[in-house]
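Participant: Be aware that the sequence shown starts at 1, since it is given in the UniProt record's numbering, and climbs by one per residue. No residue lacks a Cβ here, since even glycine has one placed at the ideal position from N, Cα and C. Before I ask anything, here is the structure I am working with.
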Amino acid sequence: MFSLNSSHRYFLYQGHCDMRKSFDGLCGLVSSELKREVSSGEVFVFLNRGRTHIKLLHWEHGGFVLYYKRLEQGTFPTPKKEQLSWADLVLMIEGGYSGAC
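This is how it looks when you write it as structure tokens:
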């Protein structure tokens, strides 16, 4: 069940992420690069170099959840800010984000 909504805080990793990374590797990026607590309930967003893959890492009660989407055409836009709103994230995933924030 998709349990993300506007009550969460979303943080975009500004570098390019190796999409072979899973829970532990992404947790390492959150701790070392974003300087955030991975079990805080915040959602962390990662894009690959080509911006064709996106992963969202989220701690829920009892464990981590990893959402992963791969585009068959086009690319995900790259917002220039680290913290995203729910609306930013939805538009980004659905292809409507202009990046003008």
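Between the segment 19-31 and the segment 71-87, do at least 3 Cβ pairs fall closer than 8 Å?
Facilitator: Verdict: no, contact absent.
Participant: Just to confirm, is the Cβ distance from Lys-55 to Phe-46 under 7 Å?
Facilitator: It is a contact, given that the beta carbons lie within the stated cut-off.
Participant: Assuming Phe-46 is part of the beta strand (DSSP E), what are its boundary residues?
Facilitator: 43-47 is the span of the beta strand (DSSP E), which, as asked, contains Phe-46.
Participant: Please confirm whether Trp-86 and Ser-3 have their CB atoms less than 7 Å apart.
Facilitator: Not closer than 7 Å, so no.
Participant: Nearest to Val-43 by alpha carbon, out of Leu-91, Tyr-13, Gly-95?
Facilitator: Of the candidates Leu-91, Tyr-13, Gly-95, the one whose C-alpha sits nearest the C-alpha of Val-43 is Tyr-13.
Participant: Whole-angstrom Cβ separation of Gly-41 and His-8, contact assumed at under 8 Å?
Facilitator: Right, their Cβ atoms sit about 7 Å apart.
Participant: Just the Cα atoms here: how many angstroms apart are Leu-66 and Leu-57?
Facilitator: Roughly 5 Å between the two C-alpha positions.
Participant: Beta carbon of Arg-49: closer than 6 Å to some heavy atom of the ligand GTP?
Facilitator: You won't find the ligand GTP in this model; it holds no ligand whatsoever.
Participant: Excluding sequence positions up to five away, which residues of its chain have a Cβ less than 7 Å from the Cβ of Arg-49?
Facilitator: Closer than 7 Å at the Cβ level, and outside the excluded window around Arg-49, lie His-16.
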